[in-house]
Amino acid sequence: MTDPVSIRSPRIYASVLGVTLLTIAIGAWSGVSLGPWALGVLFLAVVLTGMPHGAIDHLVAARLWGLDATWTDRAKFYGGYLTLMALYGACWVVAPAWSLGLFLVMTMYHFGQADLAYWRLPPLPARLLYLSRGLFLIGSPIVVFPGVVAPIFEAIGGVHLLDWPLVATAPTALFVGLVGQHAVALGLAALRADPSAERAAAREALNVAVLTALFGLVHPLVAFSVYFGCWHALGHILELRRFFRRRGEALSLAEFYREAALFTVLPFVGLAGLYAVTRSFGAENQMIALLFILIAVVTLPHMVIAAPFTGCARRPIRPQNGGYRAPGRSGQLHVESFVEQRRLRCF
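Going from the sequence shown to this note's numbering is simple: count from 1 and add 6.
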């Protein structure tokens, strides 16, 4: 059974590079004065791929942990998921600065793992490489455009970014250091990467060069949006298709978005309610902070599921006894037999 495409498939990879290079060209020409366009690009990325990429976590969890279509198992999943969201949301109220720090570290690891798990490194080198990648991705827009990022950090967590050492006085040196540490980490990791990760070092060298230009030249909100939407979230969606296909379930993009629709829409319903409240108090400028906090709150439980999924999605699990999947008239998933005998529609 042939796997669906991944972010590294030639056509997809070329398209992502093309969008990124176009963004770099526009960003270099227009500078950082993009006005409302920056927030618009962020919103578009979150709507098209950002929220959807974590919106079928319930289906992934069912297959990873053998959850069935019972009220008990549903309560286990949704109860745990919502509890993590509620606890982290409460942390933002009680300790916003610490919550922001936790979000940044979580995001570093999550982005790094999603990008580089295919190298199949031993556990400790892998984790260090993931953090190195994430530090490069998250740190770069912060140190290159501290004046743009500082008001966001202030609104989100009451953090005074410009008071951090060297951020205001030597941003270029910090940026060079972030790129350099990741280049060294990739070079060392390449010596231990799985041989099946073909052309991994050359591909990642190109990726780092392109992403360095993206974060070094483009408005940080736009740069983050392009990476988050086109590199991370799209890559995760494609890995989800591979994950299901390897279990005998061919999940098309249309079927994915149908499955993801409910849990894509619900966060925006909540955000719309928050916008109505902030507008009534004349605090519309807090919307960007609310959007990032929303992303942060859903990131924690999503990471709990994504961490084992990221490795599991790349294991060659094949259906047994002619197992297959096809959509029925109502979109119900069907399969005859596959490894681990998971139920396909658990929730």
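Positions of the beta carbon are idealized from the N, C-alpha and C atoms, including for glycine. All values reported here derive from a predicted model rather than from experimental measurement.
_Tell me the rounded alpha-carbon separation between Gly329 and Gly164._
Along the sequence shown, one-based indexing puts residue 329 at 323. Along the sequence shown, one-based indexing puts residue 164 at 158. With a pLDDT of only 38 at Gly329, under the threshold of 50, the placement of this residue in the model should not be trusted; the figure read from the coordinates follows. Counting only the Cα atoms, Gly164 lies some 54 Å from Gly329.
*Length of the line joining the Cα atoms of Arg17 and Leu23*: For the purposes of this step, residue 17 is taken as residue 11 along the sequence shown, with counting starting at 1. For the purposes of this step, residue 23 is taken as residue 17 along the sequence shown, with counting starting at 1. Spanning the two alpha carbons is a distance of roughly 10 Å.
_Of the listed residues Phe159, Met293, Ala282 and Tyr136, nearest to Pro102 (C-alpha basis)_ = By 1-based counting over the sequence shown, the position of residue 102 is 96. Among Phe159, Met293, Ala282 and Tyr136, the Cα nearest to that of Pro102 belongs to Phe159.
_Using a Cβ-Cβ cutoff of less than 6 Å, which residues in the same chain neighbour Ser105 once the five nearest sequence positions on both sides are dropped?_
For this step, residue 105 is matched to residue 99 along the sequence shown. Around Ser105: Cys97 and Trp98.
*Under 9 Å, do Ala219 and Ile32 count as touching if we go by C-beta distance?*
Within the sequence shown, the letter at position 213 stands for residue 219. Within the sequence shown, the letter at position 26 stands for residue 32. No, the Cβ-Cβ distance between Ala219 and Ile32 is not below 9 Å.
_Measuring alpha carbon to alpha carbon, tell me which residue in Arg285, Thr270 and Leu88 is nearest Met57._
As a first step, residue 57 is located in the sequence shown; it is residue number 51 there, counting from the start. Considering only alpha carbons, the answer is Thr270.
*Scan the region 167-224 and note each continuous beta strand (DSSP E) run of 3 residues or more that stays entirely inside, going in chain order.*
Qualifying beta strand (DSSP E) stretches: none in this window.
*Does the Cβ-Cβ distance between Ser138 and Leu192 come in under 9 Å?*
As a first step, residue 138 must be located in the sequence shown, where it is residue number 132. As a first step, residue 192 must be located in the sequence shown, where it is residue number 186. Yes, these two residues count as a Cβ contact at 9 Å.
*asked:* Under 8 Å: do the region 168-180 and the region 116-133 share three or more Cβ pairs, one atom per stretch?
replied: no
*Same chain only: Cβ atoms within 6 Å of Ile162, ignoring 5 sequence neighbours per side*: Position 156 of the sequence shown holds residue 162. Spatial neighbours of Ile162 in its own chain (CB-CB distance under 6 Å, excluding positions within 5 residues in sequence) are listed in chain order as Leu106, Ala295 and Phe298.
*For the alpha helix (DSSP H) that Ser138 lies in, which residues bound it at each end?*
Position 132 of the sequence shown, counting from 1, holds the residue named residue 138. Its alpha helix (DSSP H) spans residues Pro129 to Val150.
_On the CB-based measure, 16 or more other CB atoms within 10 Å of its CB, does Asp63 come out buried or exposed?_
Taking the sequence shown and counting its residues from 1, the one referred to as residue 63 is at position 57. Buried.
*Assuming Val228 and Ala44 make a contact with CB atoms under 8 Å, what is their CB distance in whole Å?*
Start at 1 with the first residue of the sequence shown, and residue 228 comes out as number 222. Start at 1 with the first residue of the sequence shown, and residue 44 comes out as number 38. Contact holds; Cβ gap of about 5 Å.
*With a threshold of 16 other CB atoms inside 10 Å of the CB of Arg198, please say whether the residue is buried or exposed.*
Numbered from its first residue, the sequence shown carries residue 198 at position 192. Its Cβ having fewer than 16 others within 10 Å, Arg198 is exposed.
*Using the Cα positions of Ile13 and Tyr281, report the straight-line distance between them to the nearest angstrom.*
Position 7 of the sequence shown, counted from the first residue, corresponds to residue 13. Position 275 of the sequence shown, counted from the first residue, corresponds to residue 281. C-alpha of Ile13 to C-alpha of Tyr281: approximately 34 Å in a straight line.
_CA nearest to the CA of His59, picked from Phe274, Leu244, Gly85 and Gly279_ = Along the sequence shown, one-based indexing puts residue 59 at 53. Comparing Cα-Cα distances from His59 to each of Phe274, Leu244, Gly85 and Gly279, the minimum goes to Leu244.
_Considering just the uninterrupted stretch of the alpha helix (DSSP H) at Leu259, what are its terminal residues?_
Position 253 of the sequence shown holds residue 259. Unbroken alpha helix (DSSP H) run through Leu259: Leu259 to Ser286.
*Reduced DSSP secondary structure (H/G/I, E/B, other) of Ser21*: Residue 21 sits at position 15 when you count from the first residue of the sequence shown. Ser21: helix per DSSP, three-state reduction.
*Taking only the alpha-carbon atoms, compute the straight-line gap between Leu223 and Leu28 and give it to the nearest angstrom.*
Walking along the sequence shown from the start, residue 223 turns up at place 217. Walking along the sequence shown from the start, residue 28 turns up at place 22. One C-alpha to the other measures close to 12 Å.
_Member of Ala156, Trp71, His242 and Gly95 whose CA lies at the smallest distance from the CA of Phe117_ = Counting from 1 along the sequence shown, the entry for residue 117 is found at position 111. Among Ala156, Trp71, His242 and Gly95, the Cα nearest to that of Phe117 is on His242.
*Of the residues Met293, Val214 and Leu268, the one placed nearest Trp237, counting alpha carbons only*: Locating residue 237 in the sequence shown gives position 231, counting from the first residue. Nearest option by C-alpha distance: Val214.
*If you draw a straight line from the C-alpha of Met309 to the C-alpha of Phe315, how long is it?*
Your numbering for residue 309 matches position 303 in the sequence shown. Your numbering for residue 315 matches position 309 in the sequence shown. Whole-angstrom Cα-Cα distance: 9 Å.
*Could you check what DSSP says for Met309 in three-state terms: helix, strand or coil?*
For this step, residue 309 is matched to residue 303 along the sequence shown. Three-state DSSP puts Met309 in a helix.
*Backbone CA spacing between Asp200 and Ser146 [nearest angstrom]*: Taking the first residue of the sequence shown as 1, we reach residue 200 at position 194. Taking the first residue of the sequence shown as 1, we reach residue 146 at position 140. C-alpha separation (whole angstroms): 28 Å.
*For Ala266, which residues from the same chain have a beta carbon less than 7 Å from its beta carbon, with the 5 sequence-adjacent residues on both sides left out?*
Residue 266 sits at position 260 when you count from the first residue of the sequence shown. Excluding residues within five positions, the ones whose Cβ falls inside 7 Å are Pro58, Ala61 and Ile62.
*asked:* For Ala174, would you say it is in contact with chain C, using Cβ-to-Cβ distances shorter than 9 Å as the test?
replied: The chain labelled as chain C is not found in the depicted structure, where only one protein chain is given.
*With distances taken between CB atoms, is the gap from Ala68 to Asp79 smaller than 9 Å?*
For the purposes of this step, residue 68 is identified with residue 62 of the sequence shown, where counting begins at 1. For the purposes of this step, residue 79 is identified with residue 73 of the sequence shown, where counting begins at 1. Cβ distance < 9 Å, so Ala68 and Asp79 count as in contact.
_7 Å CB neighbourhood of Ala195 in its chain, flanking five on each side removed_ = For the purposes of this step, residue 195 is identified with residue 189 of the sequence shown, where counting begins at 1. If we look at Ala195 and ignore the five residues flanking it on each side, its Cβ neighbours are Trp125, Leu127, Pro131 and Leu135.
*Say yes only if the C-beta of Leu134 is nearer than 8 Å to one or more non-hydrogen atoms of the ligand ATP, and no if none qualify.*
As far as ligands go, the structure on display features none, and thus does not contain the ligand ATP.
*Over what stretch of residues does the alpha helix (DSSP H) that includes Ile243 continue unbroken?*
Sequence index remark: in the sequence shown, residue 243 carries index 237 (1-based). That run of the alpha helix (DSSP H) goes Leu240 to Arg251.
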